[in-house]
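This report refers to the structure that appears directly beneath it.
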Amino acid sequence: MDGNGRWARRRGLPRSAGHYAGMQALRRTIRAAGDIGVRFLTVYAFSTENWRRPKEEIDFLLRLPSEFLRSDLPELKARNARICFIGALDELPASTREAARQALAETADNTGMVLTFAVNYGSRAEIVRAVQEISRQSAAGELDPAEVDEETVEGHLFTAGLPDPDLLIRPSGEFRLSNFLLWQLAYAEFWFPKVCWPDFNRRHLLEAIDAYQKRSRRYGGIKL
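In numbering that gives the first Met the number 0, the protein residues as written are 0 to 223.
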């Protein structure tokens, strides 16, 4: 969800207005994705690098998840969505952690779209954390280092139990991953629309999926 600040600046608005407009775009995208049968949707809400922003903006950004869940959890439950979180949640404000806990508990048994929020998430830190835990288990004799493979690493990532993404959509015209799901995106297709996130809508989502469906995914092999 990129481009909120630029969207606001171009309109002479405070950055907070861009973030609120981005929340509206999130609602539109969740509804559109659910309507067309998307099974897994992951959104990058707050990165570990976002802590470098001004404190006032950080405080505002960290309030948004709890505000969104307070207002939208009933609709998400009605849509049978299951909510997940990835990231270092223990470093977040108590109100954000409580909103996450409530959303997890109230949607745990739902069987519809899995909606994952990446909050205080950084992929490099995630991989380091996984390596540290694997090393600890090896040192304790709980895990044979010779048996460590890709599945072992994946099982220690925040995304354990979730499938790797098929498609990454990054709005605002930026062509980089910004420390997002570096391991998981190894074979994903990428789509970089120039539109800023607050203007992202159903049409853009359908364009991305249409482009994805026209691509040939060979996973390093040859299409016969």
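All residues carry an ideal CB built from backbone N, CA and C; glycine is no exception.
Taking the alpha carbon of residue i as the reference point, which residue from the options has its own alpha carbon closest?
| i | options | result |
| --- | --- | --- |
| Arg26 | Ala124, Ala139 and Phe67 | Phe67 |
| Leu204 | Leu88, Gly86, Ala32 and Leu142 | Ala32 |
| Ile82 | Arg175, Phe59, Ser122 and Ala107 | Ala107 |
| Ala87 | Arg128, Asp165, Pro73 and Ser70 | Arg128 |
| Glu74 | Ile29, Trp182 and Leu12 | Ile29 |
Excluding sequence positions up to five away, which residues of its chain have a Cβ less than 7 Å from the Cβ of residue i?
| i | result |
| --- | --- |
| Pro92 | Leu61 |
| Asp1 | Arg169, Pro170, Ser171, Glu173 and Trp196 |
| Ser137 | Pro144 |
| Met22 | Leu63 and Phe67 |
| Arg214 | Glu188 |
Distance check for residue j and residue i, CA to CA, integer angstroms please.
| i | j | result |
| --- | --- | --- |
| Leu114 | Ser134 | 31 Å |
| Lys76 | Ala145 | 44 Å |
| Trp190 | Glu55 | 32 Å |
| Asp34 | Pro192 | 21 Å |
| Trp6 | Gly17 | 6 Å |
| Glu48 | Asn119 | 8 Å |
| Tyr43 | Gly154 | 21 Å |
| Trp156 | Leu142 | First, the residue type needs correcting, since residue 156 is Leu and not Trp in the sequence shown. So the alpha carbons of these two residues sit roughly 16 Å apart. |
What residues match up with residue i in a beta bridge as DSSP calls it?
| i | result |
| --- | --- |
| Val42 | Phe116 |
Please work out which residues of its chain come closer than 8 Å, Cβ to Cβ, to residue i, disregarding the five sequence neighbours upstream and downstream, and give them in chain order.
| i | result |
| --- | --- |
| Asn79 | Asn109, Thr110, Gly111 and Met112 |
| Ala24 | Met0, Trp196, Pro197, Asp198, Phe199 and Asn200 |
Quiz item: Which full runs of the alpha helix (DSSP H) of 4+ residues lie inside the stretch 71-150, going along the chain?
Solution: Entirely contained in the stretch 71-150, the alpha helix (DSSP H) runs reaching 4 residues are, in chain order, 93-106 and 122-138.
Practice problem: Ignoring anything shorter than 4 residues or poking outside the stretch 161-223, list the alpha helix (DSSP H) runs there in chain order. | Solution: Segments of the alpha helix (DSSP H) lying fully in the stretch 161-223: 201-212.
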